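Report on the structure given below.
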Amino acid sequence: MHWLKNPEELDRLDKEGIIYWNSEGIPELKYYLHEAKGAYVSDFWDDINVINSMAIESAGFPTQKPEALLERIINASSNENDLVMDCFVGSGTTATVAEKLMRRWIACDLGRFAIHTTRKRLLSIPGVRPFTVQNLGKYERQLWAGAEFGDNQAAARQRAYTEFVLKLAQATPIHGYTWLHGLKAGRMVHVGAVDAPVSVGDVTQIATEFRRAVGTGKDAPTTNGVDVLGWDFAFEMNEVAKQQAAAANIQMQFLRIPRDVMDKRAVEQGDIRFFELAALSVEVKTNKRNVSLKLTDFVIPPDDVPEEARKAVRHWSQWIDYWAVDWDNQGDTFHNEWQTYRTRKDKSLALETTHNYADPGEYTVVVKVIDILGNDTTKTVKVKVI
């Protein structure tokens with residue numbers, strides 16, 4: 007390959023002893039190990055093994071990619087603090103590797119199991135930075151709503167959808183309100199949107215409008231109860247929203263709109279049932295600056311669980327896949343300051359944990375439980391230590 011260099015360069019290298027003349031009088035360029043940068047990676051990568059069922063990093067996800075593959079891609083195409091986005095995150099390999107390589111990341115997937123797998127995998131990273139999980143929409147429902155109520159103008163289409171759900175819930179439609187849509191047995195009813203989860207902000211609006219509705223007209227509520235029907239509920243919302251409603255002296259009940267409402271046969275047969283969200287019970291004990299938390303009960307909506315799974319559960323704790331605690335929540339992103347979860351090798355789960363505070367005062371403790379279906383249930387408690 008001497009022709010790649012001009013004669014002057016070859017003469018210089020020869021004088022410096024960089025050229026070796028072999029026994030046949032052919033010159034060869036000397037390479038030293040400390041100078042070698044390695045060979046360029048070709049566009050055919052056969053040096054990375056695929057994930058099999060015996061692999062240590064296997065998450066049991068059918069399309070899982072090796073971390074080594076994503077490490078090469080991310081290192082070659084980004085720097086620290088750059089933003090990496092994967093719109094089909096699956097088992098979470100991209101987000102996991104991006105986190106380990108100190109990149110910011112956004113991970114998306116339509117499947118709840120994929121989100122659950124990714125979140126659990128991220129939590130297993132030592133020193134993982136705080137992150138949040140958000141629901142952004144359900145396209146299957148949007149298509150259904152467009153086909154079922156799509157011939158009308160936007161306002162009329164929304165009203166037709168709302169009245170359809172109210173009828174299935176055996177509630178009477180009411181008018182003149184923005185956040186209150188129906189009345190059932192003296193309780194007001196709110197119907198959540200097709201394409202967005204019910205949020206804590208929605209609950210605030212519902213509570214505000216409910217207080218204005220008390221004692222005003224024929225559609226006024228006769229109890230202090232409100233039923234909130236929703237397809238999805240924002241993560242971390244259930245217990246927080248219930249406590250917010252209770253503070254306003256409103257008995258608020260959250261009921262999931264079942265997927266069966268999109269099945270015409272189920273609707274025609276009247277086989278539609280609305281179930282409450284999961285409920286969590288936590289026992290709190292304090293001793294000076296030491297606080298102990300113990301999960302004492304967890305109730306999950308039966309409509310989400312296949313019958314064979316329900317029969318296999320013998321104790322309420324079997325519904326829980328992992329749970330985490332933020333010992334000093336400041337109203338921002340949930341911080342996993344302690345967590346425990348089941349693995350394929352260890353199916354056991356601790357139901358109690360303790361924490362010692364460095365300073366006296368009142369703290370907001372947030373307990374987050376993720377069930378075996380990937381749903382969040384969050385409970386907030388106040389503790390005072392001396």
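Here the working numbering is used: the first residue of the sequence shown is 7, the next is one more, and so on. Glycine is no exception: its CB is placed at the ideal position from the N, C-alpha and C atoms. Keep in mind the model is a prediction, meaning the values are calculated, not measured.
Gln70 classed as buried or exposed, judged by whether at least 16 other C-beta atoms fall within 10 angstroms | Result: buried.
What does Thr292 pair with, by DSSP beta-bridge criteria?
-> Thr292 is bridged to Val297.
In chain order, which alpha helix (DSSP H) runs of at least 4 residues are fully inside the stretch 96-120?
-> Complete alpha helix (DSSP H) runs here, min 4: 99-106.
Simplified DSSP state of Val139, which is helix, strand or coil | Coil at Val139, not helix or strand.
Go ahead and label Lys126 buried or exposed: buried means 16 or more other beta carbons lie within 10 angstroms of its beta carbon, across all protein chains shown.
-> It is buried - the Cβ of Lys126 has at least 16 other Cβ atoms within 10 Å.
Assign His196 to one of two classes, buried (16 or more other C-beta atoms within 10 Å of its C-beta) or exposed (fewer than that).
-> Classification for His196: buried.
Neighbourhood of Ile54 by C-beta distance below 8 angstroms, restricted to the same chain and skipping five residues each side = Excluding its 5 nearest sequence neighbours in each direction, Ile54 has C-beta neighbours in its own chain below 8 angstroms: Pro72, Ala74, Leu75, Arg78, listed in chain order.
So Arg147 and Trp237 are in contact, right, with Cβ under 8 angstroms, and what is the actual spacing, rounded?
-> So it is a contact: roughly 6 angstroms between Cβ atoms.
Nearest CA to the CA of Thr229: which residue from Lys317, Leu235, Gln257, Ala213?
-> That would be Gln257, whose Cα lies nearest to the Cα of Thr229.
Tell me whether the beta-carbon of Leu128 lies closer than 8 angstroms to the beta-carbon of Phe137.
-> Contact: yes.
Nearest-angstrom Cα distance between Asn28 and Lys21?
-> Approximately 16 angstroms, taken between the alpha carbons.
Which residues share a DSSP beta bridge with Gln259?
-> Gln259 pairs with Asp233.
Counting only the same chain and skipping the five closest in sequence on each side, list residues whose C-beta sits under 7 angstroms from that of Ile121.
-> Around Ile121, the same chain offers Asp115, Val139, Gly380 as residues with beta carbons nearer than 7 angstroms, after the five sequence neighbours per side are excluded.
Under 8 angstroms between C-beta atoms of Val171 and Ile263 | When the beta-carbon positions are compared, Val171 and Ile263 come within less than 8 angstroms of each other.
Quick one: grab the DSSP three-state call for Pro13.
-> Residue state for Pro13 is assigned as helix, using DSSP reduced to three classes.
Nearest-angstrom Cα distance between Met268 and Glu313?
-> Cα-Cα distance, rounded: 21 angstroms.
Buried or exposed for His181, please, with buried defined as at least 16 other CB atoms from any protein chain shown within 10 angstroms of its CB.
-> Label assigned to His181: exposed.
If you follow the beta strand (DSSP E) that Ile25 is part of, which residue opens it and which one closes it?
-> That run of the beta strand (DSSP E) goes 25-27.
Unbroken stretches of the beta strand (DSSP E), 3 residues or longer, contained in the stretch 41-92 = The stretch 41-92 contains these whole beta strand (DSSP E) runs: 89-92.
Residues bridged to Phe155 by DSSP?
-> The secondary-structure analysis by DSSP pairs Phe155 with nothing; it has no beta-bridge partner.
So what's Phe340 in DSSP terms, helix, strand or just coil?
-> Per DSSP, reduced to three states, the secondary structure at Phe340 is coil, with no helix or strand assignment.
Assign Ile212 to one of two classes, buried (16 or more other C-beta atoms within 10 Å of its C-beta) or exposed (fewer than that).
-> With 16 or more other Cβ atoms within 10 Å, it is buried.
Could you pull out every residue in the same chain whose Cβ sits closer than 7 angstroms to the Cβ of Val319, ignoring the five residues on either side in sequence?
-> So the list reads Trp325, once near-sequence residues are dropped.
Should Thr124 go down as buried or exposed, given a rule of 16 or more other Cβ atoms within 10 Å for buried?
-> Result: buried.
Compare the Cα-Cα distances from Asp332 to each of Val209, Val305, Val389 and report the closest residue.
-> Considering only alpha carbons, the answer is Val389.
Whose C-alpha, out of Val288, Val305, Gly231, Phe239, is nearest the C-alpha of Leu299?
-> Considering only alpha carbons, the answer is Val288.
Given Ala104 as reference, the closest of Phe94, Thr210, Asn85, Gly117 once Cα atoms are compared | Of all alpha-carbon atoms in Phe94, Thr210, Asn85, Gly117, the one lying nearest the alpha-carbon of Ala104 is that of Asn85.
Tell me whether the beta-carbon of Val372 lies closer than 8 angstroms to the beta-carbon of Asn342.
-> Against a cut-off of 8 angstroms, the Cβ pair of Asn342 and Val372 comes out as no contact.
Proximal residues to Ser395 (C-beta, below 6 angstroms), its chain only, five neighbours per side dropped = Here the chain comprises residues numbered 7 to 392, so residue 395 is not present and cannot be evaluated.
Candidates Val234, Trp150, Pro203, of which the one nearest Gly188 by Cα | Looking at the Cα atoms, Val234 is the closest of the given residues.
Integer Cβ distance of Val90 from Ile80, believed to fall under 8 angstroms = Right, their Cβ atoms sit about 6 angstroms apart.
Delimiting residues of the beta strand (DSSP E) encompassing Ala410 = This structure gives no information on residue 410, because the portion of the chain shown stretches from 7 to 392.
Give the DSSP-derived three-state secondary structure of Ser205 in the structure shown.
-> DSSP places Ser205 in coil when its eight states are reduced to three.
Applying the criterion that 16 or more other CB atoms from any shown protein chain within 10 Å of the CB defines a buried residue, is Ile435 buried or exposed?
-> Because the chain spans 7 through 392 in this model, residue 435 falls outside it and cannot be assessed.
Tell me whether Thr123 sits in a helix, a strand or coil according to DSSP, three-state version.
-> It is helical.
Label Tyr328 either buried or exposed according to how many other C-beta atoms from any shown protein chain fall within 10 Å of its C-beta, with 16 as the threshold for buried.
-> So Tyr328 ends up on the buried side.
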